Structures are given as C-alpha cells and as structure tokens.
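Only one structure is covered here, and it is reproduced in the block below.
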Amino acid sequence: MTASTPLLSLKGITKVFPGVRALENVQLDLWPGKVTALIGENGAGKSTLVKVMTGIYQPEEGEILYKAIPIQLPHPESAHRIGITAIHQETVLFDELSVTENIFVGQYLHKGLLKKLDWPAMHQKAGDILRRLEVQIDPRATLKTLSIAQRHMVAIARALSFEAQVVILDEPTAALSQHEILEFYQIVERLKQDGKAILFISHKFDEIFELADYYTILRDGVYVSSGAINEITEERMVSMMVGRAITQTYPKVSCTPGETVLEVNNLCHPTEFAKISFTLRKGEILGFYGLVGAGRTELMQALSGVSHPSSGEMVLNGKAVRFRQPADAIQAGIVCVPEERQKQGAIVALPIAQNISLPQLARLNPRGVLNDAREWRLADEYASRLQVKAFSWQQAGRNPLRRQPAESGDRQMAGYPPAGNHSR
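The number in this note's numbering is simply the position in the sequence shown, starting from 1, with 8 added.
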C-alpha cells in the first residue's frame with residue numbers, strides 16, 4: 009500500500025432487501041490519518057453501509073478492499089480481526105462492569121498455565137490507552153458512574169486495545185455538551201495522528217467542516233459525490249443530499265401564533281428542576297436549551313406523564329391537568345418523542361405497523377379482535393406523512409433504514425385525539 013492508496017475502499021456496493029434497494033453502486037474510500045464524512049438524510053443508506061463495513065450485512069454486488077487487497081466480511085468477527093470497528097451514538101458497553109472490563113471484554117489477557125485473568129496487566133494496559141488519549145478516567149471505575157462523553161472515550165479505548173485501523177464514528181456527538189464536543193475533537197485529532205482511517209457520520213455541518221478532510225454523499229441509497237471537504241460549500245452539500253437546490257435549509261413560515269394551548273407555572277421536581285414557567289401558543293415552536301443534565305429531558309417527561317412533578321401547575325386549553333401516566337397525556341393531546349429511541353421510542357421486537365398503532369389499539373380492536381387491515385392502513389397513512397422507508401410493515405421495529413425517530417413520531421401522531429392540540 010502506498011501513501012496514495014486508501015486503507016479501505018468500497019466499490020460498487022449494492023445491498024438489496026425484499027422490496028427495497030437499500031444501497032446501489034456505492035463508492036467509499038478511507039485514507040490513513042484522514043477523516044471522511046459520510047453525509048446523507050435519514051434513510052439515505054448510511055447505517056446500512058456501516059453494517060456492510062462491519063460484517064453485519066453482506067452486499068449482493070461490489071467489493072471491499074483493505075490495503076488494496078480484496079477481502080470478505082462474512083460476519084462481524086471478520087471485520088474485528090481486520091481492524092474495523094464502529095462507535096455508535098448509543099455505545100454498546102456494560103454499565104455494571106469496570107472500564108477495564110469494558111475495554112477487554114472478549115479479549116481478556118491471561119497468565120500462567122491455568123490461564124487466569126491477568127487483572128494487573130489489563131488495568132495497566134487500559135490506563136496506558138486512556139493516557140494515550142489524554143483522558144482522565146480511572147480504569148477501575150464502574151462504567152455507570154461515567155458521563156456520556158466518557159463512555160465514548162471508553163469505546164474508543166476499546167477500539168485501540170485491539171489496534172483497530174478503521175474507526176467508524178456514527179453520530180458520536182449527538183448527546184454531548186459543547187465542552188465535551190471540543191474534547192471529542194481533540195480525540196479525533198489524536199486518532200488521525202496515529203494513522204487511523206476515520207469515517208465520521210453526522211448531521212451537523214459545523215462538525216463536518218471542522219473535522220473532515222474528505223466527504224462522500226449518499227441519497228436514497230445511491231452514491232452521489234465525493235471529494236475534498238475544502239472544495240465544497242454547505243449549500244452545495246445540502247442540494248446534493250436532497251437532489252435539488254435549497255435556498256434556505258429551514259425556511260421561516262409566516263404564522264401568527266393563536267391562543268395559549270399550554271401554560272406551566274412554577275413546575276418543580278424533587279431532584280431534576282425547580283420553578284419552571286412558560287406558555288406555548290397554537291402554531292408556535294418553543295425551544296428548550298441547556299447542557300446535558302440541565303433538566304430538559306426530565307421536564308419533557310413530566311409534561312407527558314412519564315414522571316410526576318412535586319408542585320406547580322399545568323394548564324392545557326384553559327383547564328388544569330395532572331397526568332398519572334403517559335396514556336393520560338396522550339389522550340389529552342400531549343406526547344413526548346424521546347431522545348433514546350431504541351430504549352424508549354420503540355418496541356424493537358414488534359413489527360413497525362404494531363409500533364405505530366400501539367396508542368390506537370382500542371380503536372383497532374373494537375370487539376376484542378385486532379383488525380389487521382385497519383392497522384396496516386393506519387401505518388401506511390402516518391408512515392407516508394413522515395416518509396418512513398421500510399422493507400415491510402411486518403419487519404421488526406429496529407428499522408435497518410434508521411427511521412426510528414419517525415416511527416416513534418408516527419406512533420405518537422396516531423395516538424392523537426381527533427381534535428386535540430398537540431404539543432411535542
């Protein structure tokens with residue numbers, strides 16, 4: 009492999025599922041010591057491509073080259089052996105284990121004839137890797153005591169422990185504060201200095217232009233363009249993502265807010281927030297801002313019946329309300345689309361159609377027997393409105409095309425009362 013040869017190349021990758029061509033003729037090159045941004049809308053095929061790169065999916069067409077040599081990735085272990093690893097927004101780690109155990113799980117160090125676990129050596133090596141990343145984390149600390157940012161560092165340390173050469177970062181900053189994002193940038197720079205080939209997936213253009221050296225754009229599973237990041241503008245990038253010229257990414261819509269829909273006065277929670285007051289009017293979008301842990305999520309949970317405030321008042325459409333459970337809030341017209349979509353936003357073992365129809369089971373089941381045809385019509389209606397792409401409504405809710413936020417939104421929208429005011 010020469011300096012002008014990509015470390016990992018994907019050529020003509022096509023992946024087909026029943027009824028859907030998830031990827032078609034996709035090209036991607038990753039270079040040692042460089043960051044390549046993979047860009048596309050939700051459903052563009054980014055996650056499917058990552059699963060091809062990590063051996064979870066096998067493509068119908070195309071080839072993968074590592075150091076210019078064709079390779080096969082029939083299963084995740086084959087990608088692991090070659091040195092390809094993915095670090096996702098929702099890290100796959102073990103809360104009850106120590107940092108050292110999370111770094112070495114599946115690859116423990118042993119000593120002696122009896123092959124006993126060599127904990128001193130593993131603690132030492134874990135500490136060495138963390139120091140190499142310039143991260144102040146105790147290897148003996150239990151993972152559940154760490155922040156989200158620190159957990160990402162542990163996941164990166166795990167990748168370094170088996171000398172991964174290709175590191176895929178899948179929306180790693182989504183739940184980080186601004187300070188933690190800046191620390192993450194420094195980690196990426198150290199990975200570049202170590203010669204790692206990095207694939208960076210993000211919807212945040214400022215991060216893409218800050219970190220990336222190259223870009224590759226997908227649209228509806230099809231390769232669109234690639235090149236050096238300094239040769240493209242944000243406007244051009246967006247137009248390639250959506251297939252048309254965009255004059256304004258989020259155009260302002262002229263709308264005069266109507267009457268007050270929701271009024272909150274001095275809402276308090278024993279441990280999460282205190283004296284929160286605001287009003288929300290019809291036709292209005294109200295944004296809540298704050299660092300991770302500031303209480304934003306907890307406030308939304310209280311508004312939607314997931315948790316219970318200790319004091320204060322909620323007035324919905326001029327009437328004081330207090331919700332015992334989320335079903336009460338949904339019936340009143342308030343729903344919460346959660347940030348942890350896999351844990352809280354979908355029942356991933358159930359088909360997509362059943363996820364969407366959950367709030368309307370009583371309507372779909374008037375005589376005690378579920379009407380499958382009605383359920384499918386309901387799924388079609390709301391999936392069409394939110395442009396959910398799926399191979400089949402019968403597939404499990406862990407949608408390979410990564411539209412779980414939309415599925416969660418579908419379910420909440422399907423649960424609205426016909427004439428309710430809907431706050432999200």
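Each residue gets a CB set at the ideal place from its N, CA and C atoms; glycine is no exception. Just so you know, these numbers come straight off a predicted model, no measurement behind them.
Worksheet item: Buried or exposed: where does glycine 120 fall if 16 or more other Cβ atoms within 10 Å of its Cβ makes it buried?
Response: Here residue 120 refers to the residue found at position 112 when the sequence shown is read from its first residue. Glycine 120 is exposed by the Cβ-count criterion.
Item to complete: Take threonine 99 and list the residues in its own chain whose beta-carbon comes closer than 7 Å to its own, dropping the five residues that flank it on each side.
Response: Here residue 99 corresponds to residue number 91 of the sequence shown, with the count starting at 1. If we look at threonine 99 and ignore the five residues flanking it on each side, its Cβ neighbours are Arg159, His160, Ala163.
Worksheet item: CB leucine 219 to CB valine 196, shorter than 7 Å?
Response: The residue labelled residue 219 in the question sits at position 211 within the sequence shown. The residue labelled residue 196 in the question sits at position 188 within the sequence shown. In this structure, valine 196 lies closer than 7 Å to leucine 219 by Cβ.
Worksheet item: CB leucine 226 to CB alanine 52, shorter than 7 Å?
Response: For the purposes of this step, residue 226 is identified with residue 218 of the sequence shown, where counting begins at 1. For the purposes of this step, residue 52 is identified with residue 44 of the sequence shown, where counting begins at 1. Yes, the Cβ-Cβ distance between leucine 226 and alanine 52 is below 7 Å.
Worksheet item: Between the C-alpha atoms of leucine 307 and phenylalanine 281, what's the straight-line distance to the nearest angstrom?
Response: The sequence position of residue 307 within the sequence shown is 299, counting from 1. The sequence position of residue 281 within the sequence shown is 273, counting from 1. Rounded to whole angstroms, leucine 307 to phenylalanine 281 spans 7 Å at the Cα level.
Practice prompt. Work out the CA separation of alanine 165 and leucine 16 for me, nearest whole Å.
Written response: Locating residue 16 in the sequence shown gives position 8, counting from the first residue. Locating residue 165 in the sequence shown gives position 157, counting from the first residue. Taking the straight line joining both Cα atoms gives about 21 Å.
Worksheet item: Can you list, in chain order, the residues of its chain whose CB lies under 8 Å from that of proline 84, leaving out five sequence neighbours each side?
Response: Reading the sequence shown from its first residue, position 76 is the one you call residue 84. For proline 84, where only same-chain residues beyond five positions count, the Cβ hits under 8 Å are Thr62, Gly63, Ile64.
Worksheet item: DSSP three-state call for asparagine 274: helix, strand or coil?
Response: Counted from its first residue, the sequence shown places residue 274 at position 266. Strand.
Worksheet entry | Endpoints, alpha helix (DSSP H) assigned at leucine 1 | In the structure displayed, the chain extends from 9 to 432; residue 1 sits before or after that span and is not available.
Item to complete: Could you tell me the boundaries of the beta strand (DSSP E) in which lysine 23 lies?
Response: Position 15 of the sequence shown holds residue 23. Unbroken beta strand (DSSP E) run through lysine 23: 16-25.
Discussion item. Quick check on the DSSP output: the beta strand (DSSP E) that includes glycine 70 runs from which residue to which?
Written reply: Within the sequence shown, the letter at position 62 stands for residue 70. That run of the beta strand (DSSP E) goes 69-74.
Practice prompt. List the DSSP bridge partners of threonine 224.
Written response: Numbered from 1 along the sequence shown, position 216 holds the residue referred to as residue 224. Leu46, Ser234, per the DSSP bridge assignment.
Worksheet entry | CB-CB length for tyrosine 223 against isoleucine 237, believed under 8 Å | Position 215 of the sequence shown, counting from 1, holds the residue named residue 223. Position 229 of the sequence shown, counting from 1, holds the residue named residue 237. Indeed they touch by this definition, with Cβ atoms about 5 Å apart.
Worksheet item: Exposed or buried, which one is phenylalanine 192 when buried takes at least 16 other CB atoms within 10 Å?
Response: Numbered from its first residue, the sequence shown carries residue 192 at position 184. It is buried - the Cβ of phenylalanine 192 has at least 16 other Cβ atoms within 10 Å.
Practice prompt. Using alpha carbons as the reference points, say which of Ser233, Glu179, Arg198, Val232 lies closest to serine 212.
Written response: For the purposes of this step, residue 212 is taken as the residue at position 204 of the sequence shown. The identity of residue 212 in the sequence shown is lysine, whereas the question assumes serine. The shortest C-alpha separation from lysine 212 is found at Glu179.
Discussion item. If I follow the unbroken alpha helix (DSSP H) through alanine 134, where does it start and stop?
Written reply: Taking the first residue of the sequence shown as position 1, residue 134 is located at position 126. Unbroken alpha helix (DSSP H) run through alanine 134: 127-140.
Worksheet item: If you follow the beta strand (DSSP E) that alanine 205 is part of, which residue opens it and which one closes it?
Response: Here residue 205 refers to the residue found at position 197 of the sequence shown. Its beta strand (DSSP E) spans residues 205-209.
Item to complete: Provide the residue(s) that pair with valine 28 in DSSP beta bridges, ordered along the chain.
Response: In the sequence shown, counting from the first residue as 1, residue 28 sits at position 20. Answer is Phe25, bridged to valine 28.
Practice prompt. Flag this pair as touching only if the region 166-177 and the region 144-154 have three or more C-beta atom pairs under 8 Å; answer yes or no.
Written response: no
Worksheet item: Relative to the alpha-carbon of arginine 289, which residue among Ile240, Leu324, Lys54 has its alpha-carbon at the smallest distance?
Response: On the sequence shown, position 281 is the one that residue 289 refers to. Among Ile240, Leu324, Lys54, the Cα nearest to that of arginine 289 is on Leu324.
Fill in: Three-state secondary structure (DSSP) of asparagine 325
Against the sequence shown, residue 325 aligns to sequence position 317. Three-state DSSP puts asparagine 325 in coil, outside helix and strand.
Discussion item. Taking only three categories from DSSP, how would you classify threonine 268?
Written reply: The residue you call residue 268 lines up with position 260 of the sequence shown. Three-state DSSP puts threonine 268 in a strand.
Item to complete: Indicate the three-state DSSP secondary structure (helix, strand or coil) for threonine 305 in the structure shown.
Response: In the sequence shown, residue 305 corresponds to position 297, counting from 1. Here threonine 305 sits in helix by DSSP.
Worksheet entry | Cβ-Cβ distance between isoleucine 353 and phenylalanine 331 below 7 Å | Numbered from its first residue, the sequence shown carries residue 353 at position 345. Numbered from its first residue, the sequence shown carries residue 331 at position 323. Here residue 353 is glycine; the residue named in the question, isoleucine, does not match the sequence. No. Outside cutoff.
Discussion item. Between Gly20, Ala94, Ile111, Ile95, which has its C-alpha nearest glycine 102's C-alpha?
Written reply: Position 94 of the sequence shown, counting from 1, holds the residue named residue 102. The identity of residue 102 in the sequence shown is phenylalanine, whereas the question assumes glycine. Here the closest residue by C-alpha is Ile111.
Worksheet item: Just the Cα atoms here: how many angstroms apart are asparagine 379 and isoleucine 342?
Response: Along the sequence shown, read from residue 1 onward, the residue named residue 379 stands at position 371. Along the sequence shown, read from residue 1 onward, the residue named residue 342 stands at position 334. Between asparagine 379 and isoleucine 342, the C-alpha separation is close to 26 Å.
Worksheet item: What is the rounded straight-line gap between the Cα of glutamine 1 and the Cα of glycine 266?
Response: Examination of residue 1 is not possible in this model, given that the chain is present from 9 through 432 alone.
Worksheet item: Given isoleucine 355, which residues of its chain have a CB within under 8 Å of its CB, disregarding the five upstream and five downstream residues?
Response: What you label residue 355 is simply residue 347 of the sequence shown in a count that begins at 1. Gln362, Asn363, Leu366, Gly405, listed in sequence order.
Worksheet item: Which first and last residues belong to the alpha helix (DSSP H) in which valine 196 is found?
Response: Stepping through the sequence shown from its first residue, residue 196 is reached at position 188. Start and end: 186-201.
Worksheet entry | Residue range of the unbroken beta strand (DSSP E) whose run includes phenylalanine 286 | Translated into the one-based positions of the sequence shown, residue 286 becomes position 278. It spans 284-289 - the beta strand (DSSP E) in which phenylalanine 286 sits, taken as one unbroken run.
Practice prompt. Determine the extent of the beta strand (DSSP E) in which leucine 57 is found, giving its start and end residues.
Written response: As a working mapping, residue 57 is identified with position 49 in the sequence shown. It is not in any beta strand (DSSP E) - leucine 57 instead sits in the alpha helix (DSSP H) that spans 54-61.
Discussion item. Output needed for alanine 183: all residues of its chain with C-beta closer than 8 Å, excluding positions within five of it in sequence on either side, in chain order.
Written reply: Walking along the sequence shown from the start, residue 183 turns up at place 175. Within the same chain, alanine 183 has close Cβ partners Gln97, Ile156, Val300, Glu347.
Discussion item. Based on DSSP bridge pairs, tell me the residues matched to threonine 150.
Written reply: Numbered from its first residue, the sequence shown carries residue 150 at position 142. Bridge partners of threonine 150: Ser106.
Worksheet item: Which residues in the same chain as valine 24 place their Cβ atom closer than 6 Å to its Cβ, once the five residues preceding and following it in sequence are excluded?
Response: Within the sequence shown, numbered from 1, the residue matching residue 24 stands at position 16. Here the set comprises Glu68.
Worksheet item: In terms of residues, what are the limits of the alpha helix (DSSP H) holding histidine 88?
Response: On the sequence shown, position 80 is the one that residue 88 refers to. Taken as a continuous stretch (DSSP letters only), the alpha helix (DSSP H) holding histidine 88 covers 84-90.
Practice prompt. Report the residue from Cys344, Gly203, Ala337, Arg375 whose alpha carbon sits nearest the alpha carbon of glycine 41.
Written response: Start at 1 with the first residue of the sequence shown, and residue 41 comes out as number 33. Taking only the C-alpha atoms, the option nearest glycine 41 is Gly203.
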